[in-house]
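Residue numbers (the numbering used here): 27 to 295.
Virtual Cβ for every residue (Gly too), placed ideally from N, Cα, C.
Given the structure is predicted, the values throughout are model-derived calculations rather than measurements.
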């Protein structure tokens, strides 16, 4: 959802979100959410976020679809490596098709100085910089991956909300890990939660940082998880999905003003 401040200043929505399946039950469900950095140096981050969710959803869906696939720490590290390599290759291909225009580079130089122009030309992936959050769930359990800021919440059948991933020391203020970094896969926080160890959550929520930043405190944001589960149980996922954009717009208006995007995985009960 395009943030209030972005609309006010004519800035496009630099978030992206995809999920599978659209609605209804399936053998597995997966979602990908990305937040393009939007800084002057990251002037193609809207495209970078779109690539991130497309690549991310494809790769995590591949893991979920293979019944015999390993989901241990080594397998998730390989997933992180494949993700960053594929994203880098894809944005490089985009740049080959659509080279930086002189207008883009001149604007960057005016905004940030000649050193910024040199930095982007030497490391063009920077222009596409973005975060990425992935979640997949099936009867075997849950797979999670996150690079950069944003939030992943799990909600139990009883409505208890937890953060299944540790905090990222790189995400302080406006600083965050990024797919544009050469060693981005090393910044990935991953977790596999086998159903044999813990019940599969009734709800998994992945959101860009504009959502949590719109609340006065973390407790208010965590309440969103249990509230959404209750509304989905009462009204159904499709009905909640239709209303979600309006709710997110209100959250942005009253809160951070940033873009806000959310991906939801809902268990069949």
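Short Cβ contact (8 angstroms threshold) for residue i with residue j
i: residue 287; j: residue 43; result: yes
i: residue 67; j: residue 142; result: yes
i: residue 106; j: residue 214; result: yes
i: residue 240; j: residue 185; result: no
i: residue 225; j: residue 165; result: no
i: residue 218; j: residue 169; result: yes
i: residue 234; j: residue 194; result: no
i: residue 171; j: residue 216; result: yes
According to DSSP, residues forming a beta bridge with residue i
i: residue 178; result: 232
i: residue 46; result: 56
i: residue 187; result: 181
i: residue 198; result: 201
i: residue 41; result: 61
Delimiting residues of the alpha helix (DSSP H) encompassing residue i
i: residue 64; result: Neither: residue 64 is in no alpha helix (DSSP H) and is coded neither H nor E.
i: residue 313; result: Within the shown structure, residues of the chain are numbered from 27 to 295, placing residue 313 beyond reach of any answer.
i: residue 84; result: 71 to 91
i: residue 123; result: 99 to 123
i: residue 141; result: 140 to 148
i: residue 251; result: 244 to 261
Enclosing beta strand (DSSP E) for residue i [first to last residue]
i: residue 172; result: 167 to 173
i: residue 292; result: 288 to 292
i: residue 160; result: 158 to 164
i: residue 218; result: 215 to 220
Inter-residue spacing [alpha-carbon to alpha-carbon] between residue i and residue j
i: residue 187; j: residue 167; result: 17 angstroms
i: residue 136; j: residue 198; result: 27 angstroms
i: residue 103; j: residue 211; result: 8 angstroms
i: residue 260; j: residue 159; result: 27 angstroms
i: residue 133; j: residue 156; result: 20 angstroms
i: residue 250; j: residue 162; result: 20 angstroms
i: residue 129; j: residue 248; result: 43 angstroms
i: residue 139; j: residue 85; result: 38 angstroms
i: residue 202; j: residue 175; result: 6 angstroms
i: residue 277; j: residue 254; result: 14 angstroms
i: residue 126; j: residue 257; result: 46 angstroms
i: residue 266; j: residue 153; result: 35 angstroms
i: residue 30; j: residue 94; result: Summary for residue 30: the model assigns pLDDT 49, below 50, so the residue's position carries little reliability, and this model does not support an answer.
i: residue 119; j: residue 88; result: 22 angstroms
i: residue 101; j: residue 79; result: 20 angstroms
i: residue 196; j: residue 72; result: 22 angstroms
i: residue 279; j: residue 268; result: 19 angstroms
i: residue 270; j: residue 83; result: 21 angstroms
i: residue 121; j: residue 148; result: 13 angstroms
i: residue 208; j: residue 110; result: 8 angstroms
i: residue 301; j: residue 200; result: Since the displayed the chain opens at 27 and closes at 295, residue 301 lies outside it and no answer follows.
i: residue 204; j: residue 272; result: 29 angstroms
i: residue 99; j: residue 145; result: 34 angstroms
i: residue 173; j: residue 131; result: 27 angstroms
Within-8 angstroms CB hit, residue i to chain D
i: residue 274; result: Structure shown: chain D not included; a single protein chain is present.
Contacts around residue i, its chain only, beta-carbon distance under 7 angstroms, and the 5 residues preceding and following it disregarded
i: residue 116; result: 77 and 81
i: residue 75; result: 40, 41, 42, 60, 61, 62 and 156
i: residue 91; result: 54
i: residue 114; result: 151
i: residue 246; result: none
i: residue 192; result: 215
Close Cβ partners of residue i (< 6 angstroms) along its chain, the five nearest in sequence each way excluded
i: residue 289; result: 43, 45, 57, 59 and 232
i: residue 180; result: 188, 190, 227 and 230
i: residue 222; result: none
i: residue 177; result: 233 and 238
i: residue 220; result: 167
Same chain, Cβ closer than 8 angstroms to residue i, neighbours up to 5 away in sequence not counted
i: residue 244; result: 238
i: residue 108; result: 85
i: residue 47; result: 55
i: residue 242; result: none
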